[in-house]
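A.B. asks: The structure follows.
There are 2 protein chains.
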Amino acid sequence: MSFDRLIEGIKRTKNPTVAGLDPKLDFIPAYIKEEAYAQYGKTLEGAAEALYRFNVGLIDALCDIVPAVKPQAAYYEMYGWEGVRVLKRTIEYAKSKGMFVITDGKRNDIGTTMEAYAKAHLGVTEVEGEPLEVFGGDALTVNAYLGTDGVKPVLNVCRDSDKGLFVLVKTSNPSSGELQDRKLDDGMTIYQTMGRMCEQWGAELPGKYGYSGVGAVVGATYPAQLGELRKALPHTFFLVPGYGAQGGGAQDVAPAFDENGLGAIINSSRGIMCAWKKEEGLDPKDYAQAARREAIRMRDEITALVPVRN
Amino acid sequence: MSFDRLIEGIKRTKNPTVAGLDPKLDFIPAYIKEEAYAQYGKTLEGAAEALYRFNVGLIDALCDIVPAVKPQAAYYEMYGWEGVRVLKRTIEYAKSKGMFVITDGKRNDIGTTMEAYAKAHLGVTEVEGEPLEVFGGDALTVNAYLGTDGVKPVLNVCRDSDKGLFVLVKTSNPSSGELQDRKLDDGMTIYQTMGRMCEQWGAELPGKYGYSGVGAVVGATYPAQLGELRKALPHTFFLVPGYGAQGGGAQDVAPAFDENGLGAIINSSRGIMCAWKKEEGLDPKDYAQAARREAIRMRDEITALVPVRN
């Protein structure tokens, strides 16, 4: 019902980062794709299988040093139900290796429809009274443009199943300000207002390390807002995208953390997944070891500035 | 690249309504579920198969009088990849019967990630240069909290594949005002600002009936805002949820239409799907005929107030 399990993973690994699993076909070494196509054809199923094998290699190489993965639902949906099946298999595999799984789906709706998303991604679906786990993630990203009606159903599922959610507050993209930075008539911006709602919603899911089960997505590309929100939202854990490929560095994400080096987890997707393409002369079969080296570099760069304290 | 095909369906059937396909197990007659469980077990696959058979009955009973269906992605995702496969099969079946399909996914993300959602739901995914249709919907609902970066990739796919999108503007739920009704420092509300962005984005996808390929979701439960937005957004086609079960009636949705009875499509989900539960003494095997009777009643109620003109 909070991010206690995630925080314990961060303390154990002394690493406040999460590896994004956004496996585009372009990111996957040719030998993996060829093996998958040979078995399943150049089809959605073949492509999805390549995604899965790529993910398994990454998870194996990262699971002892990185506490969490963040599969991005879009890159699985893109390959149809075959891809969505691989999302489930990836989540299962990451959990079997002890990783915390943040499903990045940015889902949103109201009432029983939002409850359906929450059951799908975090809870259980009942079939004739039998509770069945569906995707089994540990946390889900959520877009709260629809207000409390779109968040309450997720809170209820999180309370029952010890899960969490991350609400989009200030996203990392260049146009995030078009709406999110606009000032309301009380002088607060939209992202500040959304952040304040996270604190309110989070009061229902308190955690033992001071952070609730309602986190916020705040981009590394806006370091001033990161620091401002860290102060304004003392119970809200941050998921921080935008490090690496999108331009954010360790200096930029440092303001996201509290004095114990907690309070935030920094995501890198392309930086880790595509590390193998940047090492000259590397055998593509060693892609996962290149990912591990980049994950260690990222961890060390961030914790040199902001060490994780126990 | 616009809603021309949808508008032509509305003109042909003289019916500006869409049947929501949100098939919860509770809504499905027992005989359908028992047949599906007998074949596939009381599993996610069995439940998903029951959803599909229920949908097929509804589509068969509605396809000559209702121009469009709106499957709600959450109710399929809830049954895992097996449910997502049935979303695809449902879309295929509805299209084979000449219906326009609005996939209600409220998807949102940025850049290539949003492009992945657009390809999944509206376009094609390339596997080794081979373009493969994935879900094949005609339109997708989108949440634009992330700004233009989250909409542009969908516009591009819509332009290439003659599809459309509906952006959440003023949703039908009680708490929609928490954020959407807040006034910005220029005096406009957030939903008005979002509506104005729809007009701007829509300029890239003009249609021959005056409506662009960028529509807006505006709830039947807020008739004053519906009328206000109809005047303010002359090129934006409205998808209007909240009729029936959520409390909106024909009087409430009338302001959504232009002087030709166009410019909006009104959704009913539970009202149509569960009509069979309200007719006393009805054989559940006649559920689809009950749905048809309710769809006709709804059409007649709305077009009595606002006739569709050719």
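Note that the protein sequences, when read in sequence, are chains W and S. All letters in the first sequence, in the order written, are residues -8 to 301 by this note's numbering. All letters in the second sequence, in the order written, are residues -8 to 301 by this note's numbering. Each residue gets a CB set at the ideal place from its N, CA and C atoms; glycine is no exception.
Is it the case that the Cβ atoms of residue 230 of chain W and residue 157 of chain W are separated by a distance below 8 Å?
C.D. replies: As a working note, residue 230 of chain W is residue 239 in the first sequence. As a working note, residue 157 of chain W is residue 166 in the first sequence. Closer than 8 Å, so yes.
A.B. asks: Identify, in the order they occur along the chain, each residue of the same chain with its Cβ nearer than 6 Å to the Cβ of residue 236 of chain S, setting aside the five sequence neighbours on each side.
C.D. replies: The residue you call residue 236 of chain S lines up with position 245 of the second sequence. Result list for residue 236 of chain S: 261, 262, in chain order.
A.B. asks: Using the rule of at least 16 other Cβ atoms within 10 Å of the residue's Cβ for burial, across every protein chain shown, is residue 301 of chain S buried or exposed?
C.D. replies: Residue 301 of chain S sits at position 310 when you count from the first residue of the second sequence. Exposed, since its Cβ has fewer than 16 Cβ neighbours within 10 Å.
A.B. asks: Output needed in chain order: residues of the stretch 74 to 100 of chain S with a Cβ under 7 Å from some Cβ in chain W.
C.D. replies: Cβ contacts with chain W: 75, 76, 79, 97, 99, 100.
A.B. asks: Chain S beta carbons: is any one of them nearer than 8 Å to that of residue 60 of chain W?
C.D. replies: Taking the first sequence and counting its residues from 1, one reaches residue 60 of chain W at position 69. No, because no Cβ of chain S sits closer than 8 Å to the Cβ of residue 60 of chain W.
A.B. asks: Any heavy atom of the ligand COA closer than 7 Å to the beta-carbon of residue 52 of chain S?
C.D. replies: As presented, the structure is devoid of all ligands, the ligand COA included, so that no description of it is given.
A.B. asks: Report buried or exposed for residue 87 of chain W, applying the criterion of at least 16 other Cβ atoms within 10 angstroms of its Cβ.
C.D. replies: For the purposes of this step, residue 87 of chain W is taken as residue 96 along the first sequence, with counting starting at 1. It counts as exposed.
A.B. asks: Between residue 20 of chain W and residue 275 of chain W, what straight-line distance do the alpha-carbon atoms span, to the nearest angstrom?
C.D. replies: Working through the first sequence from its first residue, we reach residue 20 of chain W at position 29. Working through the first sequence from its first residue, we reach residue 275 of chain W at position 284. Straight-line Cα distance between these residues: approximately 6 Å.
A.B. asks: How about the stretch 26 to 44 of chain S and the stretch 280 to 297 of chain S: do they share at least three Cβ pairs that are nearer than 8 Å?
C.D. replies: Touching, no, given that fewer than three Cβ pairs across the two stretches are closer than 8 Å.
A.B. asks: Is residue 72 of chain W close to chain S? Criterion is C-beta to C-beta, closer than 8 Å.
C.D. replies: Working through the first sequence from its first residue, we reach residue 72 of chain W at position 81. Taking Cβ atoms only, chain S reaches closer than 8 Å to residue 72 of chain W, which makes this a yes.
A.B. asks: Just to confirm the assignment: which complete beta strand (DSSP E) runs, minimum length 3, are found wholly within the stretch 138 to 196 of chain W?
C.D. replies: Those beta strand (DSSP E) runs which fall completely within the stretch 138 to 196 of chain W and span 3+ residues are 155 to 161.
A.B. asks: Contact defined as beta carbons within less than 8 Å: I believe residue 63 of chain S pairs with residue 95 of chain S. What is the distance between those atoms, to the nearest angstrom?
C.D. replies: Counted from its first residue, the second sequence places residue 63 of chain S at position 72. Counted from its first residue, the second sequence places residue 95 of chain S at position 104. Contact flag correct, Cβ pair sits at about 5 Å.
A.B. asks: Can you pull the chain W neighbours of residue 173 of chain S, defined as C-beta to C-beta under 9 Å?
C.D. replies: Here residue 173 of chain S corresponds to residue number 182 of the second sequence, with the count starting at 1. Those within 9 Å of residue 173 of chain S in chain W are 175, 176, 177, 181, 184.
A.B. asks: In angstroms, rounded to a whole number, what distance separates the CA positions of residue 193 of chain W and residue 173 of chain S?
C.D. replies: Position 202 of the first sequence holds residue 193 of chain W. Position 182 of the second sequence holds residue 173 of chain S. Looking at the two C-alpha atoms, the distance is approximately 22 Å.
A.B. asks: Taking Cβ-Cβ distances shorter than 9 Å, what residues in chain S pair up with residue 140 of chain W?
C.D. replies: Here residue 140 of chain W is taken as the residue at index 149 of the first sequence, counted from 1. By Cβ distance, chain S contributes 162, 164, 165, 166, 167, 169.
A.B. asks: Tell me whether the beta-carbon of residue 82 of chain W lies closer than 8 Å to the beta-carbon of residue 256 of chain W.
C.D. replies: Translated into positions along the first sequence, residue 82 of chain W becomes position 91. Translated into positions along the first sequence, residue 256 of chain W becomes position 265. In this structure, residue 256 of chain W does not lie closer than 8 Å to residue 82 of chain W by Cβ.
A.B. asks: Could you tell me whether the Cβ of residue 119 of chain W comes closer than 8 Å to any Cβ of chain S?
C.D. replies: Your numbering for residue 119 of chain W matches position 128 in the first sequence. So yes, residue 119 of chain W belongs to the interface.
A.B. asks: On the criterion of 16 or more Cβ atoms from any shown chain inside 10 Å, does residue 216 of chain S qualify as buried, or is it exposed?
C.D. replies: Within the second sequence, the letter at position 225 stands for residue 216 of chain S. It counts as buried.
A.B. asks: Are the stretch 164 to 183 of chain W and the stretch 173 to 182 of chain S touching, with three or more C-beta to C-beta distances below 8 Å?
C.D. replies: Yes: the two stretches touch, three or more of their Cβ pairs being nearer than 8 Å.
A.B. asks: What does the alpha-carbon distance come out to for the pair residue 187 of chain W and residue 289 of chain S?
C.D. replies: For the purposes of this step, residue 187 of chain W is taken as the residue at position 196 of the first sequence. For the purposes of this step, residue 289 of chain S is taken as the residue at position 298 of the second sequence. If you take the alpha carbons of residue 187 of chain W and residue 289 of chain S, they lie about 41 Å apart.
A.B. asks: Which residues share a DSSP beta bridge with residue 295 of chain S?
C.D. replies: Sequence index remark: in the second sequence, residue 295 of chain S carries index 304 (1-based). For residue 295 of chain S, which the question treats as bridged, DSSP gives no partner whatsoever.
A.B. asks: Need the endpoints of the alpha helix (DSSP H) that residue 45 of chain S sits in, please.
C.D. replies: Walking along the second sequence from the start, residue 45 of chain S turns up at place 54. Residue 45 of chain S -> alpha helix (DSSP H) spans 35 to 53.
A.B. asks: Grab the span of the beta strand (DSSP E) containing residue 275 of chain S for me, first residue to last.
C.D. replies: The sequence position of residue 275 of chain S within the second sequence is 284, counting from 1. Segment: none, residue 275 of chain S is in no beta strand (DSSP E) and carries neither H nor E.
A.B. asks: What does the Cβ neighbour count give for residue 55 of chain W, buried or exposed, with the cut at 16 atoms within 10 Å?
C.D. replies: Counted from its first residue, the first sequence places residue 55 of chain W at position 64. With fewer than 16 Cβ atoms within 10 Å of its Cβ, residue 55 of chain W is classed as exposed.
A.B. asks: Below 9 Å on C-beta distance, what does residue 151 of chain S contact in chain W?
C.D. replies: One-based indexing of the second sequence puts residue 151 of chain S at position 160. Ordered by position in chain W, no residue passes the 9 Å Cβ test against residue 151 of chain S, which lies about 16 Å from the chain.
A.B. asks: Quick check on DSSP: helix, strand or coil for residue 87 of chain S?
C.D. replies: Working through the second sequence from its first residue, we reach residue 87 of chain S at position 96. Residue 87 of chain S: helix per DSSP, three-state reduction.
A.B. asks: Can a CB atom of chain S be found closer than 8 Å to the CB of residue 110 of chain W?
C.D. replies: To locate residue 110 of chain W, count along the first sequence from 1; it is residue 119. Chain S contact via Cβ: present.
A.B. asks: Counting C-beta neighbours from all protein chains within 10 Å, is the total for residue 177 of chain W 16 or more, i.e. buried, or is it exposed?
C.D. replies: Reading the first sequence from its first residue, position 186 is the one you call residue 177 of chain W. Exposed is the call here.
A.B. asks: Take residue 74 of chain S and list the residues in its own chain whose beta-carbon comes closer than 8 Å to its own, dropping the five residues that flank it on each side.
C.D. replies: The residue given as residue 74 of chain S occupies position 83 in the second sequence. So the qualifying residues of the chain are 35, 38, 39, 42, 66, 67, 68.
A.B. asks: With 16 other CB atoms within 10 Å as the buried threshold, where does residue 324 of chain S fall?
C.D. replies: The question about residue 324 of chain S has no answer, for chain S in this structure spans -8 to 301.
A.B. asks: Does DSSP put residue 117 of chain W in a helix, in a strand, or in coil?
C.D. replies: Your numbering for residue 117 of chain W matches position 126 in the first sequence. It is a strand residue.
A.B. asks: Would residue 63 of chain S count as contacting chain W if we go by Cβ distances under 8 Å?
C.D. replies: As a first step, residue 63 of chain S must be located in the second sequence, where it is residue number 72. So, interface residue.
A.B. asks: Could you check where the alpha helix (DSSP H) with residue 131 of chain W kicks off and where it finishes?
C.D. replies: Residue mapping note: residue 131 of chain W aligns to position 140 of the first sequence, counting from 1. No alpha helix (DSSP H) contains residue 131 of chain W, which is instead part of the beta strand (DSSP E) from 130 to 133.
A.B. asks: Determine, using beta carbons only, whether residue 274 of chain W comes closer than 8 Å to chain S.
C.D. replies: Counted from its first residue, the first sequence places residue 274 of chain W at position 283. Taking Cβ atoms only, chain S never reaches closer than 8 Å to residue 274 of chain W, which makes this a no.
A.B. asks: Between which residues of its own chain and residue 270 of chain W is the CB-CB distance below 6 Å, once the five residues before and five after are set aside?
C.D. replies: Reading the first sequence from its first residue, position 279 is the one you call residue 270 of chain W. Within the same chain, residue 270 of chain W has close Cβ partners 281.
A.B. asks: So for residue 250 of chain S, helix, strand or coil by DSSP?
C.D. replies: Taking the first residue of the second sequence as position 1, residue 250 of chain S is located at position 259. In this structure, residue 250 of chain S counts as coil in the three-state DSSP scheme.
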